[in-house]
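Visitor: Sequence order for the protein chains is A and B. What the first sequence shows, in this note's numbering, is residues 1 to 289, in sequence order. What the second sequence shows, in this note's numbering, is residues 290 to 563, in sequence order. For every residue, glycine included, the Cβ atom is placed at its ideal position computed from N, Cα and C. Below you'll find the structure I mean.
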Amino acid sequence: MTTPTVELTGIVKSYRRTPALRDTTFVAHPGITGLLGPNGAGKTTLLRIAATVLAPDQGVVRLLGLNPHSDEVRGEIRRQLGYLPQDVGIHRFFTAFEFVDYIAILKEMVHRRSRHQEVHRVLGLVGLDDVARKRVYALSGGMRRRLALAQALLGDPQLLVLDEPTSGLDPEQRLRFRDLISRLGEGRTVLLSSHNSDDLAALCGHIAVLHSGHIVFAGPPAELIATAEGRVWQSTQRAPGALLAWRTGDGLYRNVGDPPPDATFVPPQLEDAYLLLVRQDSLSAVGGP
Amino acid sequence: MTTAWHVDPRLARRYADGAMDLALATSVEAHLVACASCRDVIGAVVPTDRLDSIWDGLAAELDAPRPGLVERFLTRLGMREDTARLLVTTASLRLSWLTSLALVLGFAALTAGSGDRGRLLFLTVAPLLPVAGVAAAFAGPLDPVRDVAAAAPYSRFRLILLRALAVLATSIGFAAVAGVLVIDEGWLAVGWLLPALALVSTTLALSARFDPVHAAAAVGLVWVMVVWSHAPLRQVSFAAFAPPAQLVYLLVTIAAVIVVVAARTVFDYDRRSR
């Protein structure tokens, strides 16, 4: 296997006295790595550390083989880094072009003309070249999300950290994003968090599941799905052993949990495996149909 | 129209590659305007990717923001174009902010005309305005791209200093005009200047550890208490602006600047537990 481009070892990070990450170790290689986990699991904290925005309380960070602890090295990492935070507020009075141009300046693109060409290029990549001169307040939510992604692509970074890039997008936009991100994943390292397990299953060669500040699974999506093999079945009634069950359009129940001996198994999906991994403890306490 | 001279293939190639000097290229272009056959000759040899990149460059320049009056003024003064851009995008340097600044100062100046109590109010408010401006220039909720900027290579410490200086300069300019207009005793009219520097630098120093808005609020509160504790209900005192107090502000400023410089990496790489 290639050498990892993102290595977070023994990371501890707390906000005041609330721990967000407890001794978390996370590794990513070139390609797309997905981060899955419930709200508050520490995904955003982990991505902010990987984007050099936040320093961990304890642990070692290596990004593109470099340690961001020293000032000069951190600059070197940031020159090869694109970061899309979970919510990018964009100055409403900026035009789309102005916004990306502003970030391009912060990315040390000093020369005016070549900077403008780069801004033009990334706006084209996310399909916003037509609205470059529109003010941000006149753009739709999906367009703003694409605009936020555009700034992350400036300078063709080697490491892309994307915190829920597809949230708030309609299905067509989401598929377009998928197309774009999968192209970006060729030869670069993309870290991606999402609540949409379909997106992750479609895009990622590697998935990490984060739960209460711990990595509880790391591996290819197929391996994660395989953990739910024999735990998903169909029945005519809501099954008593199910952690969760729902009636599907064909009138049958799809159950996830501990099957009865005569169960009719169906192929599990990523979200089934995720559910079993993350919610088992909390839901089994509720129990019963 | 007929001319004796035409662009030969060798010349066309040099023109298409952009390898021709300006004088010759200009005369070729002048000829092209009039000669359709030469346009065809050159059009055939210009590589499409070069045309595309020229076109992209043109489109990029058309979309690019046109520098405003202030921005052009700053670059005229010798400031780098990208630095000027970073300054004019500061929230607390926008027209709306400056307008409210002028309004607050205007009201404070009006009350200053109504006697000692009013003058003390003006002197209290004048140094608070740059504090609010500096906090607004880089506070979390007021700087929406904070995280994006934090992950960018441009030094956040440099950006904060740059904006703090610009905010300080504009609000001090405003307050200086108002002060000279409403307060006739010479030393008192500029008595708020050192407090302003002390308050702003203390706010920056505290921002290394705390949220800038909280830092600004705390600094502002302490300032109001310092000024008005000398002025019990009946009596107005300008003790907080007398020379001994001014010396304290100077020392506070120096100490705070030392803290800010020492803590500069904190601004660049967030180690706080917020």
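1) Which residue from A:31, A:27, A:10 puts its Cα closest to that of residue 21 of chain A?
2) Among residues of its own chain, excluding the 5 on either side of residue 187 of chain A, which ones have a beta-carbon nearer than 8 Å to its beta-carbon?
3) Would residue 344 of chain B be called buried (16 or more neighbouring beta carbons within 10 Å of its own) or exposed?
4) Hey, out of A:226, A:211, A:149, whose CA is closest to residue 24 of chain A's CA?
5) For chain A, find out if any of its Cβ atoms is closer than 8 Å to the Cβ of residue 304 of chain B; answer yes or no.
6) What's the call for residue 15 of chain A, buried or exposed, on a 16-neighbour Cβ count within 10 Å?
7) Any C-beta of chain B sitting closer than 8 Å to the C-beta of residue 289 of chain A?
8) Under three-state DSSP, which class holds residue 284 of chain A?
9) In this structure, what does DSSP give as the bridge partners for residue 24 of chain A?
10) Locate the alpha helix (DSSP H) running through residue 411 of chain B, then write down its first and last residues.
11) Could you spell out the range, first to last residue, of the alpha helix (DSSP H) harbouring residue 246 of chain A?
12) List the residues of chain B that residue 68 of chain A touches, going by C-beta distances under 8 Å, in chain order.
13) Does the beta-carbon distance from residue 163 of chain A to residue 81 of chain A come in below 8 Å?
14) Distance, Cα to Cα, residue 225 of chain A vs residue 190 of chain A?
15) Starting from residue 173 of chain A, trace the alpha helix (DSSP H) both ways and give me its first and last residue.
16) Give, in chain order, every residue of the region 81-98 of chain A whose Cβ lies closer than 7 Å to some Cβ of chain B.
17) Find the residues of chain B that neighbour residue 151 of chain A, judging by a C-beta separation of less than 7 Å, and give them in chain order.
18) Kindly list, in the order they appear in chain A, the residues whose Cβ is closer than 9 Å to that of residue 474 of chain B.
19) Can you round the beta-carbon distance between residue 452 of chain B and residue 376 of chain B to whole angstroms, since I take them to be within the 8 Å contact cut?
20) Indicate whether at least one CB of chain A lies closer than 8 Å to the CB of residue 346 of chain B.
21) Is residue 364 of chain B close to chain A, meaning its C-beta is less than 8 Å from at least one C-beta of that chain?
22) Exposed or buried, what is residue 51 of chain A when buried is set at 16 or more other beta-carbons lying within 10 Å of its beta-carbon?
23) So, for residue 364 of chain B: in the same chain, excluding its five sequence neighbours on each side, which residues have a beta-carbon less than 6 Å away from its beta-carbon?
24) Can you find a CB in chain A that lies within less than 8 Å of the CB of residue 352 of chain B?
25) In this structure, does DSSP put residue 124 of chain A in helix, strand or coil?
26) By how many angstroms is the C-alpha of residue 242 of chain A removed from the C-alpha of residue 287 of chain A?
27) Below 8 Å on the Cβ atoms is my guess for residue 509 of chain B versus residue 420 of chain B; work out the distance and round it to an integer in Å.
28) How many Å lie between residue 309 of chain B and residue 301 of chain B at the Cα?
29) Could you spell out where the beta strand (DSSP E) holding residue 509 of chain B opens and where it closes?
30) So, helix, strand or coil for residue 151 of chain A, using DSSP?
31) Should residue 331 of chain B go down as buried or exposed, given a rule of 16 or more other Cβ atoms within 10 Å for buried?
32) So residue 9 of chain A contacts chain B; which residues on that side make the cut at Cβ distance below 9 Å?
33) Just checking: is the beta-carbon of residue 75 of chain A within a distance shorter than 8 Å of some beta-carbon in chain B?
34) Residue 501 of chain B versus chain A: which residues are under 7 Å apart at the beta carbon?
35) What in chain B is Cβ-close to residue 108 of chain A, meaning under 7 Å?
36) Residue 148 of chain A to residue 174 of chain A, Cα distance in whole Å?
Guide: Reading off the structure:
1) Of A:31, A:27, A:10, the residue nearest in Cα terms is A:10.
2) 30, listed in sequence order.
3) exposed
4) A:211
5) no
6) Counting Cβ neighbours within 10 Å, residue 15 of chain A comes out exposed, since fewer than 16 surround it.
7) Model confidence at residue 289 of chain A stands at a pLDDT of 37, short of 50, so the residue's coordinates are unreliable; what they give is reported in the following sentence. Residue 289 of chain A does not count as touching chain B.
8) For residue 284 of chain A, the predicted model reports a pLDDT of 43, less than 50, meaning its position is unreliable; a value from the coordinates is still stated below. DSSP places residue 284 of chain A in helix when its eight states are reduced to three.
9) A:11
10) 405-414
11) Per DSSP, residue 246 of chain A lies in no alpha helix (DSSP H) segment; the continuous beta strand (DSSP E) that holds it begins and ends at 242-247.
12) 558
13) no
14) 21 Å
15) 171-184
16) 81, 83, 85, 88, 89, 90, 91, 95, 97, 98
17) Under the 7 Å cutoff, chain B gives 437.
18) Near residue 474 of chain B there are no residues of chain A at all, since even the closest Cβ is about 42 Å away, more than 9 Å.
19) 7 Å
20) yes
21) no
22) By the C-beta density criterion, residue 51 of chain A is buried, having at least 16 other C-beta atoms within 10 angstroms.
23) Closer than 6 Å at the Cβ level, and outside the excluded window around residue 364 of chain B, lie 370, 373.
24) yes
25) Three-state DSSP puts residue 124 of chain A in a helix.
26) Confidence in residue 287 of chain A is poor, its pLDDT being 40 and thus under 50, which makes the residue's placement unreliable; the coordinate value appears in the next sentence. Going by the C-alpha atoms only, they are around 8 Å apart.
27) 6 Å
28) 10 Å
29) No beta strand (DSSP E) holds residue 509 of chain B; the alpha helix (DSSP H) holding it covers 501-518.
30) DSSP places residue 151 of chain A in the helix class (H, G or I) of the three-state scheme.
31) buried
32) Those do not exist, as residue 9 of chain A stays about 18 Å from chain B at its closest Cβ, beyond 9 Å.
33) yes
34) Near residue 501 of chain B there are no residues of chain A at all, since even the closest Cβ is about 16 Å away, more than 7 Å.
35) 442, 443
36) 14 Å
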